[in-house]
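Q: Take the sequence shown: its letter number 218 is residue 218 in the UniProt record's numbering, and every next letter is one higher. No residue lacks a Cβ here, since even glycine has one placed at the ideal position from N, Cα and C. Once you've had a glance at the structure underneath, I'll fire off some questions.
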Amino acid sequence: MKIPVHIIILGQEGVGKSALAVRFLTRRFLSEFAETEEMAYERTVTLDDRQVSLRITDVSGKSLQTRAASRELLMEADAAVLVYSVTDQSSVTAARHALNCIRKHRPSVTTQVHGARKTQSTAATSEGPPLPVLLLGNKNDLDHVRTVTRYSDTTDWTSDFTMTSECSARDDADGVTSLFQQLIRKVLEIRDCSSKSGRKMSQASLGSPRQLRSTIKRRFSMFSRDRITTL
1 MKIPVHIIIL GQEGVGKSAL AVRFLTRRFL SEFAETEEMA YERTVTLDDR
51 QVSLRITDVS GKSLQTRAAS RELLMEADAA VLVYSVTDQS SVTAARHALN
101 CIRKHRPSVT TQVHGARKTQ STAATSEGPP LPVLLLGNKN DLDHVRTVTR
151 YSDTTDWTSD FTMTSECSAR DDADGVTSLF QQLIRKVLEI RDCSSKSGRK
201 MSQASLGSPR QLRSTIKRRF SMFSRDRITT L
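Next up, the structure:
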């Protein structure tokens, strides 16, 4: 059975969102894309012997400015990638704006601080299940024109992210693939934990096997007495 996973990519125009998605899905690098408010890519990928029906939606900043649209997008997503360009300081500001939208509509964001994940329930909340987020600095092959110091310009808000990394959609296909695979694994991990939690709650509501057998025996005994009385 294929497992559906929906990842949204957010960020300022020109940071390489579509290039990253296409690089991961096809291992090809395309430098030019038509400007649209939203672009979706779909493909089945195999990860750890599991078939994943993957949908990646490239979301423009304009879509997030619409309250209804931003809530709908974020509630449908299983994970998010916030992309900025290491050559453009303003793209960090745009990524921060996208984070504010996530905090507003999906406050149950999974977190990691200094490489160690903070203790946080993976159970679903009224805002949906925890949302893994990857903060990704693209274009690190252009280090000679870098304006964003590696992580130092984002250290005050990186605790909100499952992962923080840099890459080059143009030069590092393996690195891009690895990052997306890690993010998908995080989605599957959260689902597995939620599924186990749900089963435990169901078992708890039914009671222990001994209590369940006792309940069935008692109800069967009551049914037998009622049947004898009727006869």
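Identify whether G11 lies in helix, strand or coil by the three-state DSSP scheme.
A: strand
Q: In three-state DSSP terms, what is T147?
A: Three-state result, T147: coil.
Q: Our contact map puts V52 next to I3 with C-beta atoms below 8 Å; I'd like the distance itself, whole angstroms only.
A: 5 Å
Q: Taking the straight line between their C-alpha atoms, what separation do you get for S168 and S178?
A: 12 Å
Q: Since I believe A94 is in contact with G11 (beta carbons under 8 Å), could you give me their beta-carbon distance rounded to a whole number of angstroms?
A: 6 Å
Q: Would you report the Cα separation of E13 and S90, rounded to the nearest angstrom?
A: 11 Å
Q: Report the rounded CA-to-CA distance for S147 versus S85, giving the unit in angstroms.
A: A quick correction: the sequence has Thr, not Ser, at residue 147. Each residue's alpha carbon lies about 9 Å from the other.
Q: So what does T177 bridge to, in DSSP terms?
A: Answer is none; T177 lacks a bridge partner.
Q: Helix, strand or coil: which one does DSSP assign to L25?
A: Helix at L25.
Q: Taking E42 as the reference, which of H6, G16 and D49 has the closest Cα?
A: H6
Q: If contacts are defined as beta-carbon pairs under 8 Å, then R71 and H97 qualify, I think. What distance do you get, rounded to the angstrom?
A: No, R71 and H97 are not in contact; Cβ-Cβ is about 15 Å, not under 8 Å.
Q: Going by DSSP, name the residue or residues bridged to I56.
A: I7 and Y41
Q: What number of angstroms, rounded off, separates the C-alpha of R185 from the C-alpha of R103?
A: 22 Å
Q: Give the straight-line distance between the Cα atoms of V187 and L142, rounded to the nearest whole angstrom.
A: 31 Å
Q: Below 7 Å between beta carbons: does that hold for T162 and V133?
A: yes
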